Amino acid sequence: MAAKRAERLVNLVIALLGTRQYVSAARIRATVPGYEADDGTERADEAFKRMFERDKADLREMGVPLETGRTSAFDTEDGYRIARADYELPELTLDGEEAAAVGLALRLWESAQMAGAAQSALVKLKAAGVDVDPARALPLRPRLDSDEPAFEPCYTAARDRRLVEFDYRRPDEGAPAHRRVQPWGVVAWHGRWYLVGHDLDRRAPRVFRLSRVAGAPRVTGPEGAFEPPPDLDLAALVAGQDGGQEQLVVVRARPGAAVGLRRTAVPLEPADDDEDGDLLQLRTTDLSRLADQLAAYGADVLVESPQELRDAVVERLTRLAAMGAPA
Amino acid sequence: MTAPGTTERMTRLLSLVPYLTARPDGVPVAEAARDFGVTERQLRRDLELLWMCGLPGYGPGDLIDLSFEGDRVRVTFTAGMVRPLRLTTDEAVALVVALRALLESPGLAEREAVSRALAKVSAVAGHAGERTTPVALSVDAREQALTVVREGLERGRALHLHYYVPTRDERTERTVDPMRLLLVDGHTYLEAWCRRAEGVRLFRLDRVDDVVVLDEPAAPPAEAHGRDVEGGVYRPGPEARLVRLRLAGSARWVAEYYQVEDVREVDDPPGGLAVSVRTADLAWARRLVASLGGGAVVDEPAELAASVAADARAALGRYAAGARPDPGRDARPDPGRDARPDPGRDARPDPGRDAPPDPGRDA
Chain A
1 MAAKRAERLV NLVIALLGTR QYVSAARIRA TVPGYEADDG TERADEAFKR
51 MFERDKADLR EMGVPLETGR TSAFDTEDGY RIARADYELP ELTLDGEEAA
101 AVGLALRLWE SAQMAGAAQS ALVKLKAAGV DVDPARALPL RPRLDSDEPA
151 FEPCYTAARD RRLVEFDYRR PDEGAPAHRR VQPWGVVAWH GRWYLVGHDL
201 DRRAPRVFRL SRVAGAPRVT GPEGAFEPPP DLDLAALVAG QDGGQEQLVV
251 VRARPGAAVG LRRTAVPLEP ADDDEDGDLL QLRTTDLSRL ADQLAAYGAD
301 VLVESPQELR DAVVERLTRL AAMGAPA
Chain B
1 MTAPGTTERM TRLLSLVPYL TARPDGVPVA EAARDFGVTE RQLRRDLELL
51 WMCGLPGYGP GDLIDLSFEG DRVRVTFTAG MVRPLRLTTD EAVALVVALR
101 ALLESPGLAE REAVSRALAK VSAVAGHAGE RTTPVALSVD AREQALTVVR
151 EGLERGRALH LHYYVPTRDE RTERTVDPMR LLLVDGHTYL EAWCRRAEGV
201 RLFRLDRVDD VVVLDEPAAP PAEAHGRDVE GGVYRPGPEA RLVRLRLAGS
251 ARWVAEYYQV EDVREVDDPP GGLAVSVRTA DLAWARRLVA SLGGGAVVDE
301 PAELAASVAA DARAALGRYA AGARPDPGRD ARPDPGRDAR PDPGRDARPD
351 PGRDAPPDPG RDA
């Protein structure tokens with residue numbers, strides 16, 4: 001950035017921080033060095049206006065809380081000021097260990113956008129007097145956002161509440177389909193990144209795995225285009241993505257078999273000397289997934305109820321039994 | 001849009017004076033440059049620029065004043081720039097989310113410090129933190145096992161544990177010498193010397209049951225080295241068998257979930273995918289194929305297809321013999337099942353969570 005421009009912006013911040021009064025654009029033009037002087041021509045006025053608009057936009061984008069308003073009823077136009085309390089980072093004292101934790105944490109980011117934000121956060125913390133020394137090995141893999149090109153656009157869209165569009169390839173479909181989503185947020189779950197949002201075409205909440213986004217997502221439309229649900233719990237949405245009503249399932253397992261199933265099952269009263277096996281009660285929100293799992297136990301586990309699940313397992317077994325047989 | 005360089009330099013310029021204010025004895029220029037992540041030359045340019053800035057009036061008493069003594073720089077007049085600018089939303093998210101990730105990271109001794117730092121940083125994140133953070137993290141670990149394992153590591157004691165091996169659907173019992181905790185792909189692993197297997201093994205914590213700390217010291221032998229997990233936890237050994245599958249649409253997720261080779265699109269089944277996967281244990285492949293419920297055709301080895309089919313026929317035989325469903329329970333309709341939204345449908349095919357075990361890993 002041109003040194004002149006940087007100097008002007010710093011001076012503008014200092015000037016507006018140093019006043020409680022709102023300062024008019026004309027006054028700013030007259031005092032802060034670097035603005036096109038008022039020589040009475042329209043051209044100079046235009047040049048100043050353009051410059052000042054751009055400076056205001058840049059400061060706001062940097063997070064400088066630029067206020068507009070009038071100090072008294074006699075003012076004929078809006079002025080500007082920066083309230084110190086809104087501008088300044090509040091007091092923050094970190095001991096050595098806490099500062100080390102911060103230094104460690106900030107190295108988890110890899111994408112340009114988040115790594116850049118982490119770096120400037122670090123600069124601000126150091127400016128607040130915190131001594132951060134990032135130099136330790138991490139027991140983490142992968143880095144937070146590595147290898148996910150869709151992360152940045154999806155995050156940005158969620159942050160600014162703008163619409164995001166992308167082609168999405170479901171693993172069970174050959175060709176990617178176009179999706180339009182109001183993004184609520186991105187979630188890391190079991191080391192994978194997901195986008196959670198409202199799918200405009202399907203008119204329902206959806207969870208998308210970022211690695212299945214084909215090509216670059218496009219962020220479109222104005223900011224603040226939607227409001228995420230008020231009591232949104234992003235992680236829970238992804239974790240419970242098979243989320244449906246919980247159903248009770250009863251299976252009969254051969255003694256000693258189905259060890260994995262027993263880890264989450266509740267044993268029911270052993271049916272009187274039934275040598276067929278132990279009755280186990282399971283809970284599921286996704287019968288079809290459970291059917292996959294139970295089919296893999298083969299003859300070790302039989303479904304007692306519900307019938308729907310029993311049928312689903314028998315259907316799978318019937319297909320499996322035909323394997324290797326001549327078609 | 002602002003050029004990224006503009007924001008970066010402005011953040012630095014607005015932070016430099018507060019940075020020096022917080023260090024009243026001055027700072028070597030080289031150290032300040034390091035702290036800001038720029039060259040010494042760039043930092044000197046920034047300081048020179050700041051020297052030209054100040055309060056309106058811009059007379060000698062209004063301008064930012066810096067003093068250089070040897071290689072040290074000190075601020076003598078701040079022109080009112082005493083604190084850095086607040087954190088932006090991006091900065092607050094970068095900090096808070098990373099600290100949360102760290103807090104959930106299992107191998108870290110200083111959890112207390114991380115949690116204190118998180119509380120303090122969240123407090124100053126202010127308005128940026130008030131909005132719903134558009135990033136969330138979730139790590140799965142059995143909290144109880146984690147606590148015990150951590151205690152063993154900290155006290156340098158051996159552990160006795162029951163470990164579920166999904167490959168063989170077995171619960172095993174072993175004594176291990178803990179080495180470290182790792183977070184790999186969202187799962188927490190204990191890396192330890194397993195006395196039974198006489199080798200270094202990774203134990204996924206959500207498969208650890210009934211773990212206790214023993215009185216005897218942890219003594220991994222000298223030849224026990226930590227594994228490099230950069231490429232993932234599973235490395236097929238030289239003895240691994242090659243399994244060739246053709247996946248139907250419903251089973252294509254397998255190609256994302258496991259390390260597969262020779263992936264290519266095929267027409268039979270329609271929209272299918274042919275893959276090869278290496279496993280040390282055919283029992284794993286049998287479970288995987290069976291859990292796909294016919295969604296995968298086994299091309300190789302032939303014995304795998306035969307054994308899956310035989311298992312299924314045996315199971316069907318049992319169903320036919322003891323067919324006595326419970327009509328009372330099943331007659332009940334299940335209203336609302338179709339009405340409710342299914343947010344997960346699109347990301348769903350990860351039954352791998354625990355269901356199909358990993359290809360003959362650990363144990």
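First to last, the protein sequences are chains A and B. All letters in the first sequence, in the order written, are residues 1 to 327 by our numbering. All letters in the second sequence, in the order written, are residues 1 to 363 by our numbering. Even glycine gets a Cβ: it sits at the ideal position worked out from N, Cα and C. These numbers come from a predicted model, not from an experiment.
With three or more CB-CB distances shorter than 8 Å, the stretch 78-91 of chain B counts as touching the stretch 84-91 of chain A.
The DSSP-derived three-state label of Glu-67 (chain A) is strand.
Residue environment for Lys-124 (chain A): buried (at least 16 other C-beta atoms within 10 angstroms of its C-beta). A check of alpha carbon separations from Asp-267 (chain B) across B:Val-135, B:Val-73, B:Gly-249, B:Glu-261 identifies B:Gly-249 as the nearest. Here Trp-109 (chain A) is actually not in contact with Ala-101 (chain A); their C-beta atoms are around 15 Å apart, not less than 8 Å. C-alpha of Ala-33 (chain B) to C-alpha of Gln-42 (chain B): approximately 8 Å in a straight line. Put simply, of B:Val-254, B:Phe-203, B:Arg-150, B:Val-275 the residue whose alpha carbon is nearest the alpha carbon of Arg-111 (chain B) is B:Arg-150. Boundaries of the beta strand (DSSP E) around Gln-182 (chain A): 177-189.
Taking the Cα positions, Met-52 (chain B) is about 24 Å away from Glu-61 (chain A). Beta-bridge annotation (DSSP): Tyr-258 (chain B) is not paired with any residue. At a cut-off of 8 Å between C-beta atoms, Arg-20 (chain A) does not count as an interface residue with respect to chain B. Scanning the stretch 241-312 of chain B from its first residue to its last, the whole beta strand (DSSP E) runs of 3-plus residues come out as 241-247, 260-266, 272-279, 296-300.
Sixteen is the threshold: when 16 or more other Cβ atoms of the shown chains lie within 10 Å of the Cβ of Lys-126 (chain A), as they do, the residue is buried. In the structure shown, Leu-181 (chain B) adopts extended strand secondary structure according to DSSP, grouped into three states.
As the crow flies, the alpha-carbon of Pro-24 (chain B) is around 24 Å from that of Lys-120 (chain B). If you draw a 10 Å sphere on the C-beta of Phe-203 (chain B), you find 16 or more other C-beta atoms in it, and that means buried. In the DSSP assignment, the residues bridged to Ser-24 (chain A) are A:Gly-79. Of the candidates B:Arg-168, B:Leu-146, B:Glu-91, B:Arg-168 places its Cα closest to the Cα of Leu-282 (chain B). In the DSSP assignment, Thr-76 (chain B) falls within the unbroken beta strand (DSSP E) covering 72-77.
Chain order gives no chain A residues near Leu-282 (chain B), where near means a beta carbon separation below 9 Å; the closest approach is about 14 Å.
In the three-state DSSP reduction, Tyr-297 (chain A) falls in the coil class, being neither helix nor strand.
Residue nearest to Phe-77 (chain B) within the set B:Leu-50, B:Glu-191, B:Val-114, B:Leu-242 is B:Leu-50 (criterion: CA-CA distance). Below 8 Å, too few C-beta pairs join the stretch 154-165 of chain B and the stretch 292-306 of chain A to call them touching: fewer than three.
Closer than 8 Å to the CB of Val-114 (chain B) there is at least one CB belonging to chain A. Interface annotation, Phe-77 (chain B): not in contact with chain A, CB-CB separation never under 8 Å.
For Asp-160 (chain A), the uninterrupted alpha helix (DSSP H) run begins and ends at 151-160, by DSSP. For the stretch 108-129 of chain A, the set of residues with a beta-carbon nearer than 9 Å to any beta-carbon of chain B comprises Leu-108, Trp-109, Ala-112, Gln-113, Met-114, Ala-115, Gly-116, Ala-117, Ala-118, Gln-119, Ser-120, Ala-121, Leu-122, Val-123, Lys-124, Leu-125, Lys-126, Ala-127, Ala-128, Gly-129, in chain order. An exposed status is given to Glu-303 (chain B), since fewer than 16 other beta-carbon atoms sit within 10 Å of its beta-carbon. Residue ranges of uninterrupted beta strand (DSSP E) with 3 or more members, entirely inside the stretch 214-256 of chain A and ordered along the chain, are 247-253. When C-beta distances to chain B are compared with 7 Å, the residues of the stretch 47-73 of chain A below that value are Asp-58, Glu-61, Met-62, Gly-63, Val-64, in chain order. Taking a Cβ-Cβ cut-off of 7 Å, the neighbours of Tyr-58 (chain B) in chain A comprise Pro-33, given in sequence order. The Cβ atoms of Val-23 (chain A) and Leu-16 (chain A) sit closer than 8 Å to each other. Contact holds between the stretch 192-210 of chain A and the stretch 225-238 of chain A, because three or more Cβ pairs, one in each stretch, are under 8 Å apart. Boundaries of the beta strand (DSSP E) around Arg-206 (chain A): 204-209. The beta carbon of Ala-101 (chain A) sits closer than 8 Å to some beta carbon of chain B. Between Val-251 (chain A) and chain B, the shortest Cβ-Cβ separation is not below 8 Å.
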